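Counting from 1, one number per residue, gives the positions in the sequence shown under the numbering used here. Ideal placement from N, C-alpha and C gives every residue a C-beta, glycine not left out. All of these numbers come straight from a predicted model, not from anything done at the bench. First the structure, in the form of structure tokens, and then the observations on it.
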Amino acid sequence: MKYSHLPGIDKPISRLVQGTVMCAPEKQDYVNELLDAVYATGINTFDTAHGYGSGKAERSLGAWINSRGLRDKVVILGKGCHHNQDRRRVTPHDISSDIADSLARLQTDYIDLYVLHRD
Numbered sequence: 001m002k003y004s005h006l007p008g009i010d011k012p013i014s015r016l017v018q019g020t021v022m023c024a025p026e027k028q029d030y031v032n033e034l035l036d037a038v039y040a041t042g043i044n045t046f047d048t049a050h051g052y053g054s055g056k057a058e059r060s061l062g063a064w065i066n067s068r069g070l071r072d073k074v075v076i077l078g079k080g081c082h083h084n085q086d087r088r089r090v091t092p093h094d095i096s097s098d099i100a101d102s103l104a105r106l107q108t109d110y111i112d113l114y115v116l117h118r119d
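This is the structure we're talking about:
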């Protein structure tokens, strides 16, 4: 596996990133098996988003990370503030609120990389 480094992140970042849109607590056994296999290949960076499954993907990823004791070894690439049919959702309040929700769901006190979510 090839890795990169970014200032402010004290661990290697795998150049291949595993998405988590398919993760959900009701499929946790499947998620654990999948993410264990992915991690075994050397991938340590996981992309997730505030809106995936109305938060289910973050809860499932967080459960896997915590059950394996991997928080200091994995890189979480979080996304938030996706627009909706009502408005664009890119305000300081939206950003802070989405980050707080994501931290709680992921059961962690930090997200390594955070970007605005756009499709």
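Handout entry: Through-space distance from SER4 to GLN107, alpha-carbon basis
Key = 26 Å
Exercise for the section: Count the C-beta pairs between the region 61–72 and the region 86–98 that are closer than 8 Å, then say yes if the count reaches three, no if not. Expected result: no
Practice task
Would you list the residues sitting across from ILE76 in a DSSP beta bridge?
Solution key: As DSSP reads the structure, ILE76 sits in a beta bridge with PHE46.
Exercise for the section: Could you pull out every residue in the same chain whose Cβ sits closer than 6 Å to the Cβ of ALA24, ignoring the five residues on either side in sequence? Expected result: GLY53, LYS56, SER60
Exercise for the section: Within the same chain, show all residues whose beta-carbon is closer than 6 Å to that of LYS79, passing over the 5 residues directly before and after it, in chain order. Expected result: Result list for LYS79: ALA49, VAL115, HIS117, in chain order.
Handout entry: For GLY51 and ASP86, the rounded distance between their alpha carbons
Key = 15 Å
Exercise for the section: Would you identify the three-state DSSP class for TYR114, choosing helix, strand or coil? Expected result: In the three-state scheme derived from DSSP, where H, G and I count as helix and E and B as strand, TYR114 is classed as strand.
Exercise for the section: For ASP112, collect the residues of the same chain with a Cβ closer than 6 Å to its Cβ; drop the 5 residues on either side in sequence, then sort them by chain order. Expected result: ILE9, VAL75, ILE76
Exercise for the section: Using three-state DSSP, classify ILE13 as helix, strand or coil. Expected result: strand
Handout entry: Of the residues GLN28, LEU103, ASP47, the one placed nearest ILE13, counting alpha carbons only
Key = ASP47
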